[in-house]
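Participant: First the structure, then my questions, so here it is.
Protein chains: 2
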Amino acid sequence: MDQSICPRFEKAISILSQRWTGLIIYQLLSGPQRFGTIESAIGVSGRVLSDRLKDLENEGIVKREVYPETPVRIEYSLTEKGSSFAPLMKEIEKWSQTWLNSPEESK
Amino acid sequence: MDQSICPRFEKAISILSQRWTGLIIYQLLSGPQRFGTIESAIGVSGRVLSDRLKDLENEGIVKREVYPETPVRIEYSLTEKGSSFAPLMKEIEKWSQTWLNSPEESK
DNA sequence: TATAATAACTTACATAAAGTAACTAAGTAA
DNA sequence: TTACTTAGTTACTTTATGTAAGTTATTATA
Numbered sequence: 001m002d003q004s005i006c007p008r009f010e011k012a013i014s015i016l017s018q019r020w021t022g023l024i025i026y027q028l029l030s031g032p033q034r035f036g037t038i039e040s041a042i043g044v045s046g047r048v049l050s051d052r053l054k055d056l057e058n059e060g061i062v063k064r065e066v067y068p069e070t071p072v073r074i075e076y077s078l079t080e081k082g083s084s085f086a087p088l089m090k091e092i093e094k095w096s097q098t099w100l101n102s103p104e105e106s107k
Numbered sequence: 001m002d003q004s005i006c007p008r009f010e011k012a013i014s015i016l017s018q019r020w021t022g023l024i025i026y027q028l029l030s031g032p033q034r035f036g037t038i039e040s041a042i043g044v045s046g047r048v049l050s051d052r053l054k055d056l057e058n059e060g061i062v063k064r065e066v067y068p069e070t071p072v073r074i075e076y077s078l079t080e081k082g083s084s085f086a087p088l089m090k091e092i093e094k095w096s097q098t099w100l101n102s103p104e105e106s107k
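If you read the sequences in order, they're chains A and B.
Under the UniProt record's numbering, the first residue of the first sequence is numbered 1, with each subsequent residue one higher.
Under the UniProt record's numbering, the first residue of the second sequence is numbered 1, with each subsequent residue one higher.
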């Protein structure tokens, strides 16, 4: 199959091209948040959000913290590795503002 | 569902988070290429590559040109809009080189 | 005591997206 | 007439995602 694409680059792309991961990271860039907040902010289903957060935790991008209040509060936040996506997100924002005009016409 | 994410940003993310589109754009950044070349370079199936190229053409990101040689040669290339992904790709590369170390351990 | 509320998930099931491999079309060449 | 090549498409299988109900733990309320 491939013979020339850098495996690190491919890995990075595979993270970003998995549905929802980009938005989850973007969302967490605005600070630690709970499961339900992320869910309703980006419109992902709980089933998939649960999967993604586990994946991102395994990648060392997201950190999960439990606060034993009542009811329990669990907060997800970005690690340093996760926060390092900020410039990338800025680039996406920049691209979108330069090249995407009417938000309507995109169906 | 969501109430605060910029629709342009969301659209950009939705392009990038669709499987294969990032790699297809990246691949085309090295110049115009034929269907079969892209297919084997990134390891995507023809069925999906066909879909994606149509989508990207509709988005104005990719251009399709027919050369009636024998057998016919069809070349896909990036439009200006497509080429403008270059800085974004550079950021992904940069991120991957900073944060992804051993290409093995990522299974 | 029993019922209800809340957050964070999980499970079972249905639909959509992607992979695989065989097939088609057009234009030669053997 | 058969075969070759590129660029797809089609039929079918597997995987990913969506939907909605259920689970667990803890506390409040009737």
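Glycine residues also receive a C-beta, built at the ideal position from the N, C-alpha and C atoms.
Between the Cα of residue 80 of chain A and the Cα atoms of A:32, A:68, A:94, which residue gives the shortest distance?
Facilitator: If you number the first sequence from 1, residue 80 of chain A lands on position 80. Taking only the C-alpha atoms, the option nearest residue 80 of chain A is A:32.
Participant: So, at 7 Å on beta carbons, what are the nonlocal neighbours of residue 12 of chain B in its own chain, with the 5 sequence-adjacent residues on each side left out?
Facilitator: As a first step, residue 12 of chain B is located in the second sequence; it is residue number 12 there, counting from the start. Within the same chain, residue 12 of chain B has no close Cβ partners at all.
Participant: So for residue 19 of chain A, helix, strand or coil by DSSP?
Facilitator: Numbered from 1 along the first sequence, position 19 holds the residue referred to as residue 19 of chain A. The three-state secondary structure of residue 19 of chain A, taken from DSSP, is coil.
Participant: So residue 39 of chain A is in the beta strand (DSSP E); what residue range does that whole segment cover?
Facilitator: For the purposes of this step, residue 39 of chain A is taken as the residue at position 39 of the first sequence. Where residue 39 of chain A is concerned, there is no enclosing beta strand (DSSP E), although the alpha helix (DSSP H) it sits in stretches over 35-42.
Participant: Out of A:97, A:4, A:82, state which residue places its alpha-carbon closest to the alpha-carbon of residue 53 of chain A.
Facilitator: The count along the first sequence starts at 1 and reaches residue 53 of chain A at position 53. The shortest Cα separation from residue 53 of chain A among A:97, A:4, A:82 belongs to A:82.
Participant: If you drop the 5 nearest sequence neighbours on each side, which residues of the same chain put their C-beta closer than 7 Å to that of residue 105 of chain A?
Facilitator: Looking up residue 105 of chain A in the first sequence gives position 105. A caution first: residue 105 of chain A carries a pLDDT of 46, below 50, which makes its placement in the model unreliable, though a value can still be read off. Excluding residues within five positions, none has a Cβ falling inside 7 Å.
Participant: Comparing the C-beta of residue 87 of chain B with each C-beta of chain A, is any distance below 9 Å?
Facilitator: Position 87 of the second sequence holds residue 87 of chain B. Yes, contact with chain A.
Participant: List the residues of chain B that residue 91 of chain A touches, going by C-beta distances under 7 Å, in chain order.
Facilitator: The count along the first sequence starts at 1 and reaches residue 91 of chain A at position 91. The contacting residues are 87, 88, 91.
Participant: When you compare only the Cα positions, how much space is there between residue 64 of chain A and residue 76 of chain A?
Facilitator: Sequence index remark: in the first sequence, residue 64 of chain A carries index 64 (1-based). Sequence index remark: in the first sequence, residue 76 of chain A carries index 76 (1-based). Rounded to the nearest whole angstrom, the C-alpha separation of residue 64 of chain A and residue 76 of chain A is 5 Å.
Participant: Tell me the DSSP secondary structure of residue 29 of chain A in three-state form.
Facilitator: By one-based count along the first sequence, residue 29 of chain A stands at place 29. Coil at residue 29 of chain A, not helix or strand.
Participant: Using a Cβ-Cβ distance under 9 Å, would residue 76 of chain A count as near chain B?
Facilitator: Taking the first residue of the first sequence as 1, we reach residue 76 of chain A at position 76. Look at residue 76 of chain A: its C-beta is not under 9 Å from any C-beta on chain B.
Participant: Among residues of its own chain, excluding the 5 on either side of residue 1 of chain B, which ones have a beta-carbon nearer than 6 Å to its beta-carbon?
Facilitator: Here residue 1 of chain B refers to the residue found at position 1 when the second sequence is read from its first residue. Low local confidence applies: a pLDDT of 40 at residue 1 of chain B is under 50, so the model's placement there is unreliable, with the coordinate-based value given in what follows. Hits under 6 Å: none found.
Participant: Can you give me the C-alpha to C-alpha distance between residue 73 of chain A and residue 96 of chain A, rounded to a whole angstrom?
Facilitator: In the first sequence, the residue the question calls residue 73 of chain A occupies position 73. In the first sequence, the residue the question calls residue 96 of chain A occupies position 96. Residue 73 of chain A and residue 96 of chain A have their C-alpha atoms spaced approximately 35 Å apart.
Participant: Do residue 78 of chain B and residue 66 of chain B have their beta-carbon atoms positioned less than 9 Å apart in this structure?
Facilitator: Within the second sequence, numbered from 1, the residue matching residue 66 of chain B stands at position 66. Within the second sequence, numbered from 1, the residue matching residue 78 of chain B stands at position 78. Cβ atoms of residue 66 of chain B and residue 78 of chain B: not closer than 9 Å.
Participant: I believe residue 92 of chain A touches residue 29 of chain B by the beta-carbon criterion, under 8 Å. Please report the beta-carbon distance rounded to the nearest angstrom.
Facilitator: Translated into positions along the first sequence, residue 92 of chain A becomes position 92. Translated into positions along the second sequence, residue 29 of chain B becomes position 29. Not confirmed; about 16 Å, so no contact.
Participant: Pick from A:49, A:84, A:18, A:38: whose alpha carbon is nearest that of residue 98 of chain B?
Facilitator: Your numbering for residue 98 of chain B matches position 98 in the second sequence. Looking at the Cα atoms, A:84 is the closest of the given residues.
Participant: Between the C-alpha atoms of residue 19 of chain A and residue 25 of chain A, what's the straight-line distance to the nearest angstrom?
Facilitator: The residue given as residue 19 of chain A occupies position 19 in the first sequence. The residue given as residue 25 of chain A occupies position 25 in the first sequence. Roughly 12 Å between the two C-alpha positions.
Participant: Per DSSP, residue 62 of chain A forms a beta bridge with which residues?
Facilitator: For the purposes of this step, residue 62 of chain A is identified with residue 62 of the first sequence, where counting begins at 1. Note: residue 62 of chain A sits in a beta bridge opposite A:78.
Participant: Just the C-alpha distance for residue 49 of chain A and residue 39 of chain A, rounded to the nearest angstrom, thanks.
Facilitator: Stepping through the first sequence from its first residue, residue 49 of chain A is reached at position 49. Stepping through the first sequence from its first residue, residue 39 of chain A is reached at position 39. Straight through space, the alpha carbons of residue 39 of chain A and residue 49 of chain A are spaced by roughly 7 Å.
Participant: Between residue 46 of chain A and chain B, is any beta-carbon pair separated by less than 9 Å?
Facilitator: Reading the first sequence from its first residue, position 46 is the one you call residue 46 of chain A. Not one chain B Cβ lies under 9 Å of residue 46 of chain A.
Participant: In chain A, which residues lie with their C-beta within 8 Å of the C-beta of residue 98 of chain B?
Facilitator: Walking along the second sequence from the start, residue 98 of chain B turns up at place 98. In chain order: 84.
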